[in-house]
Amino acid sequence: MKQKYSKWVVGAASAALVASAIVPAASAASFSDIENTDHKDAILALADAKIVTGYPDGTFKPNAVVTRGNVTKFLGKWLVSENYEIPADYATEARFSDLPTTTPDKELLQYAALVKDAGVFKGSNNQLMHTNNMSREQMAVVLVRAIKTVYNVDLVADYKEADFESVITDLDKATATENREAIIALEYAGITNVKNVQQFNPKNSLTRGQFASFLNRAITNIGEEAPLTVKEVKVVDATTLDVTLSDDTKHTVKLETALPENKETKVEFEIEGKSYSAVVTYEVTEVKLESVKAINAKTIEVKFNKAVEDTSKAAVELLRGTFKQNVTLTWSEDKKSVQLVGATNFQAADYTVNVSGLTEKVLTSDVKIEAQKVTSIEILDEVAVVDKAVKTDGTFETGTTATVGYVVKDQYGTDITKSTSLKTNDNANTTVVADSAKGVVKLSGAVVEGKKIGDLVPVVLFDSATGTSVSKTVKLSAESTVSSIEVAGVYNAKGEEVALNDSSKASDAYIVLNLKDQYGKEITDAAKATGLVITNTNTTNLTIADTVSKVKIGDKDKLVVALSSILKAGDTDVLLISTTNGQSAKYTVKVAETATTNAISVSQPEIAVAEESTLIPLTVTDKEGNVITNKKVLADANKGIKVGGTPVAESALEVKDGQVYYKTTFNTAGTQALVFQTSTYKVATITIDVKAKAVPTVVRGLKNPLVISTSQAPVTITAKDHLIIEDQYGREMKNSVAPVTVTLVGTSDVVSVNANQVTALKNGTATLNVALVTPNGTIDSTVEVKVQVTDGTEYNGYEIAEIGKTKVATDKNVTINGLLNGGKVALEANEYTATVTGGKLATPQAVTAGKVNIADTALNTDTTAAANKIDTEFTLKVTINATGQILEQKFVVSADAETTQDFFFTASETTADYKLAKAITEATLVSGSTVADLKSTGDSPAVVNVATVDQYGNKEIQTIAADTVTIVPEKVTDVKITGNGTAAATATLNTGVTEAKVTLKVKVGNATKELKVTIIAQ
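Rendered as structure tokens:
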């Protein structure tokens, strides 16, 4: 009897194979939603055998949770396929007390009678509980019983006879001995594969797709007439497999396409004219952690033994104990390391780094971080340079100051000068002062006044916390002047070298100077460079500033010559001459010519729906045949592309993975034609079938598991907050406000339902029927969903919802969630105790009514005399009253005023829901009007507003309050522009012109957006 299935066990347990991977012939069944599921082959095999069926809309819903009623039907149909007959008295003799013969679902009544009589389902207290979810342990029991019924194979007896040892570690979570034995039996027969995870999760529910795989493996592994299957696959190289079939014959298979490295891949191949498939991995070297260490006080570097090809798969987290730390990930260019950067310095503690998603097991390593401390202090020069000339007697006058630079470093070699206060050999801290903000020692008073050039002054600096010190005797020297001139190149504020072209923005680039004084020290004070003469030899190409200024380049203060404007491509020599000693330098600024659009091809969009943004793929090349993906070039009025004769706005272009898309919105359904043109007048035309406006059509289920609390107010079920709604094209409609009705399935003492409001009554689960109401008032789509009720004693975890950056002296809501079976319930304020520490808070500040409000006085300040408030990190500590569990989350509080960081134009009113606002890219404006009078296009023009988000995450729809407006006309002869570049910019139609096209570049806060506008007559 064992021979019936023992030969399949090895193949089913192999980690390299999909357990039901073999579909030798094409299936007659077809479902629209199983293409990307691992259970596809099993579903199709069972569908061909008439064991499973789908839904009227052509779907199978593989991810829907399977109920006990579903499993009853599946197993009943399997028994029928094995020549078992439906009991003749199914309609007159009820088998379960909760499934009377009057039940409208006659199919369930038939198969319930069959599985009960066959001993597969016994029920609980003679109840089938057909609406309840089927747990994995229950599935194991009924499947083992069914196998014994159909094949007369007692898997439990067989594994005990074979002294089989299970590797499953969570068997103790199963309810009863029969359940545990059934789970081991499935493991023994290769019907469940737990070789890698070693857990069965007995209490978890399972999906329709998962149960299909379990049942299909039972039929394949145990059935006497099982076809040849793949028993084992070994990857020889990228194109060669050694395949062993279930009859133990061995075959060498050559693949036409090479396997990718270290990536699970499904392959299809033929052996002796028969089709097979398997999932294999061509392993080169498994990714491992090479090292984890702190490289500075706020950065941990994780190195891998090889490049991580797809960093998006790497889930990297940093834990201090059980508390997850907020970090920013920065991958190296070679993808062999990633840096975990904290918002501020890490606390001294032991940390754990976990990296998941790259290997079967989580890569983990511990790292110890010490408190940041001073380990070295260095005085940077032998001379202290004075700021005034000597008097006629050779001495320094009253008020003269001398300075010498110094640097403080921590144990990681990081410069911490600005954040470290040092003491000096002047106890009064008046004549020898360490200025941490500037990194200089200031000498004044008696140690300088009356002294002469060459006199010596002792300087001692020390850190009282660590005892680290340095001493040096410095020589007073004459004031510094520019002695050496070098040009580092053209850089942006980020510290990146810039290659200029005729489309570059002048204000984003600087000519960076390296100026040194007569002592060889770098000059960073612009006042010391006033004697530098700057000459531009070619003002037709670009213009520059005629003075030196100080700008932050990267993380350093540098002296620069700012670019004023870039006029055209070409070379420009910039001459710099020191008037103190005649030293000079010449630097050639090169401005390249940008590409010119020459040829264009257009492809059909994935879908075009009325009143929605449509992305139309474009391929644009220059005269050399190079593909152009630079949006600035494509939107250039002279060198770019046009649609319908109008230059494309940069905001109407998107680039994704190297593909350029033109973004537009069609207001009506039907056939629409677009004509694209390059700067060399080459044309591409496309006709697009625009589908009807999307409408809510199908309700699929819940967005997230629904868990409600008996201690809280009723929950109103809405499409927007709770449900997955799809349109007629099978797409999910985000934030849909489609009307739905909610009713209770059967009776329940767990919840009550009234007008879509669900009220929690007691712990337990209930089933709700959710119906989508169509615009004509009919109900065409319904779904049953589960709701779980808790009194707060069952939560299996808690979390603090992300707080984010917070404005000082402003209430910030804090949300503490109880977690249960994938769902969340926001706790009431009386269910937890919370305090805030950090900044200048002398004692923990209590959180009241679920709100955090940090006063201005609690913020840290900078080291300037003004003591300006700076962004300050605080820690929220939450203690769950019921369990004593402690949660922590860091957040930053700022005194900065709210400033818009991003926005989009919208025709939605200022009172509308931000989530429902739709972006627009075109508008109209009456001649001579400001942006405040913008109107949307279409049959019912509306005032154009902006949907904004500030640095604190606040989102709202506002009237347009532009900081600046720049108007770029398509034809300069069409309009007269006044106040360009100001908030009051206007474009007025010239005489004889009835309409003009312009692009508005509108700046609101820190964001600038473009809008295509048609100027119309009054």
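The opening residue of the sequence shown carries number 100 in the working numbering; numbering runs sequentially from there. From the three backbone atoms N, C-alpha and C, an ideal C-beta is built for every residue, glycine too.
Asked	Found
How far does the alpha helix (DSSP H) with isoleucine 622 in it reach, from first residue to last?	Premise fails: isoleucine 622 is in no alpha helix (DSSP H) and is neither H nor E.
Going by beta-carbon coordinates alone, are glycine 544 and threonine 523 separated by less than 8 Å?	no
Please say whether threonine 696 and leucine 733 have beta carbons closer to each other than 8 Å?	yes
Output the distance between the C-alpha atoms of valine 255 and isoleucine 283, rounded to the nearest integer angstrom.	8 Å
Quick one, which of Leu560, Glu280, Asp269, Thr276 has its alpha-carbon nearest phenylalanine 263's?	Glu280
I believe leucine 354 touches leucine 344 by the beta-carbon criterion, under 8 Å. Please report the beta-carbon distance rounded to the nearest angstrom.	No, leucine 354 and leucine 344 are not in contact; Cβ-Cβ is about 17 Å, not under 8 Å.
Among Ser851, Thr629, Thr634, Ala691, which has the Cα closest to the Cα of leucine 599?	Ala691
For serine 576, list the residues DSSP reports as bridge partners.	Val484
Going by Cα to Cα distance, which pick from Arg316, Ile318, Thr351 is closest to valine 332?	Thr351
Could you check the C-alpha separation between threonine 777 and glycine 757 for me, to the nearest Å?	19 Å
Given a cut-off of 8 Å, decide if valine 882 and leucine 860 are closer than it, judged by their beta-carbon atoms.	no
Check for me: the alpha helix (DSSP H) holding arginine 167 runs from which residue to which?	167-180
Secondary structure at tyrosine 287, three-state DSSP: helix, strand or coil?	helix
Output the distance between the C-alpha atoms of lysine 215 and alanine 865, rounded to the nearest integer angstrom.	25 Å
With a threshold of 16 other CB atoms inside 10 Å of the CB of asparagine 395, please say whether the residue is buried or exposed.	buried
List the whole-angstrom C-beta distance separating serine 583 from lysine 615, where the pair is believed to meet the contact cut-off of C-beta under 8 Å.	4 Å
Grouping DSSP H, G and I as helix and E and B as strand, with all else coil, what is valine 1030?	helix
DSSP three-state label for alanine 957, please.	helix
Could you check which residue in Ala709, Thr728, Lys1017 has the C-alpha nearest to that of proline 716?	Thr728
Considering Cα atoms alone, identify which of Thr840, Lys1100, Tyr1013 is closest to aspartate 1062.	Lys1100
From which residue to which residue does the beta strand (DSSP E) around aspartate 1049 run?	1044-1049
Using 8 Å as the cut-off, can you tell me whether the segment 208-227 makes contact with the segment 141-156, which would need three or more C-beta pairs spanning the two stretches below that distance?	no
Valine 547 and leucine 521: beta carbons closer than 8 Å?	no
Leaving out five residues on either side along the sequence, give the residues of the same chain with a beta carbon under 7 Å from the beta carbon of leucine 949.	Leucine is not the amino acid found at residue 949; the sequence shown has glycine there. For glycine 949, where only same-chain residues beyond five positions count, the Cβ hits under 7 Å are Asn912, Val913, Ala928.
Only counting runs of 4 or more residues, tell me where the alpha helix (DSSP H) segments fall wholly within the segment 771-816, in order along the chain.	none
When the Cα atoms are used, what is the spatial distance from alanine 325 to alanine 288?	Here alanine 325 scores only 45 on pLDDT, less than 50, and its place in the model should not be relied on; the value that follows carries that caveat. When rounded, the distance between both Cα atoms is 14 Å.
Output the distance between the C-alpha atoms of glutamate 481 and valine 573, rounded to the nearest integer angstrom.	5 Å
Buried or exposed: where does alanine 124 fall if 16 or more other Cβ atoms within 10 Å of its Cβ makes it buried?	The pLDDT assigned to alanine 124 is 33, lower than 50, so where the model puts this residue is not dependable; a value taken from the coordinates is nonetheless given after this. Per the 10 Å Cβ criterion, exposed.
So, helix, strand or coil for lysine 259, using DSSP?	helix
Are any of the Cβ atoms in chain D nearer than 8 Å to that of aspartate 156?	The chain inventory of the structure shown lacks chain D, comprising one protein chain alone.
Looking at the secondary structure, which residues open and close the beta strand (DSSP E) in which leucine 714 lies?	712-720
Cα-Cα, which of Leu207, Glu1021, Gly800 is closest to lysine 160?	Gly800
Let me check one thing: in DSSP terms, what residues is asparagine 613 bridge-paired to?	Glu585
Give me whichever residues DSSP pairs with glutamine 226 in a beta bridge.	Ser223
Alpha carbon to alpha carbon, how far is glutamine 424 from threonine 1023?	49 Å
I'd like to check one pair, lysine 392 with glutamate 382: are the Cβ atoms closer than 8 Å?	no
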